[in-house]
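Chains as they are written, first to last, in this note's numbering: chain F, 1 to 113; chain U, 1001 to 1112. First comes the structure, then the notes that go with it.
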Amino acid sequence: EAQVTQNPRYLITVTGKKLTVTCSQNMNHEYMSWYRQDPGLGLRQIYYSMNVEVTDKGDVPEGYKVSRKEKRNFPLILESPSPNQTSLYFCASSLAESVNEQFFGPGTRLTVL
Amino acid sequence: DQQVKQNSPSLSVQEGRISILNCDYTNSMFDYFLWYKKYPAEGPTFLISISSIKDKNEDGRFTVFLNKSAKHLSLHIVPSQPGDSAVYFCAASGGATNKLIFGTGTLLAVQP
Chain F
1 EAQVTQNPRY LITVTGKKLT VTCSQNMNHE YMSWYRQDPG LGLRQIYYSM NVEVTDKGDV
61 PEGYKVSRKE KRNFPLILES PSPNQTSLYF CASSLAESVN EQFFGPGTRL TVL
Chain U
1001 DQQVKQNSPS LSVQEGRISI LNCDYTNSMF DYFLWYKKYP AEGPTFLISI SSIKDKNEDG
1061 RFTVFLNKSA KHLSLHIVPS QPGDSAVYFC AASGGATNKL IFGTGTLLAV QP
């Protein structure tokens, strides 16, 4: 089954404790992206990647890191999480020539205390 | 600055009636527009799109209308069904970026 998977689905952590949210897709997509969804703000892009070893900042990259060492994986790293990073996070992927029609993962609910 | 706006946070309609969801944008460089649908505890899924060279695109019960002069698009669902109850996000892209810009979403509730 073609899908984007994220782990964990739910995470409660404390300020400053490094964490990684994994994202994997099995559709051989070149393009991958991370979004956060917050009430009243919709979906905002954090980082995206057009292909292996090619990453770029989205609209809200502060406090986040990403890497793209393999085509299928695009982990999101929070080196020192803060409460304002409490949010619902989505990973998405698409073919490079159709980045408009992205396939989204099920989401990761992160709470930073 | 919110480049894509959905001014109605929620909408309630009766089953069988028409649902109209609205979206406004400010960036004249946008040339492709989409609607995504999101159920609780799931990621958004692509629903329908329209290029700026068109003013209407239809797919079954779903039709998207684009008014470029007003920088406005709308999604019509006819007839509405209870399974259509979800959050609908409008999104736009264009110019030199490879980014989708999303609106804030509208929660549609279709009452049986």
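Beta carbons: idealized from backbone N, C-alpha and C, even for Gly.
- Close to Gln45 of chain F, with beta-carbon spacing below 9 Å, are these residues of chain U in chain order: Lys1099, Leu1100, Ile1101, Phe1102.
- Scanning F:Gln102, F:Val14, F:Leu19, F:Ala96 for the CA closest to the CA of Phe90 of chain F turns up F:Gln102.
- C-alpha of Val52 of chain F to C-alpha of Lys69 of chain F: approximately 6 Å in a straight line.
- Closest option to Ser1019 of chain U, judged by alpha-carbon separation, among U:Gly1083, U:Ala1086, U:Ile1053, U:His1076: U:His1076.
- Against chain F, a Cβ distance below 9 Å from Ser1093 of chain U picks out Val99, Asn100.
- Taking Asn28 of chain F as reference, the option from F:Ser94, F:Ile46, F:Leu43, F:Tyr35 with the minimal CA-CA separation is F:Ser94.
- Under the three-state reduction of DSSP, Asp1084 of chain U is assigned to helix.
- Within the stretch 33 to 62 of chain F, the residues whose Cβ lies closer than 9 Å to any Cβ of chain U are, in chain order, Ser33, Tyr35, Gln37, Pro39, Gly40, Leu41, Gly42, Leu43, Arg44, Gln45, Tyr48, Met50, Asp56, Gly58, Asp59.
- Three or more pairs of CB atoms, one per stretch, sit closer than 8 Å, so the stretch 1035 to 1046 of chain U contacts the stretch 98 to 113 of chain F.
- Cα atoms of Lys1068 of chain U and Gly1094 of chain U: separation of roughly 14 Å, rounded to the nearest angstrom.
- Here DSSP, grouped into helix, strand and coil, assigns Ala96 of chain F to helix.
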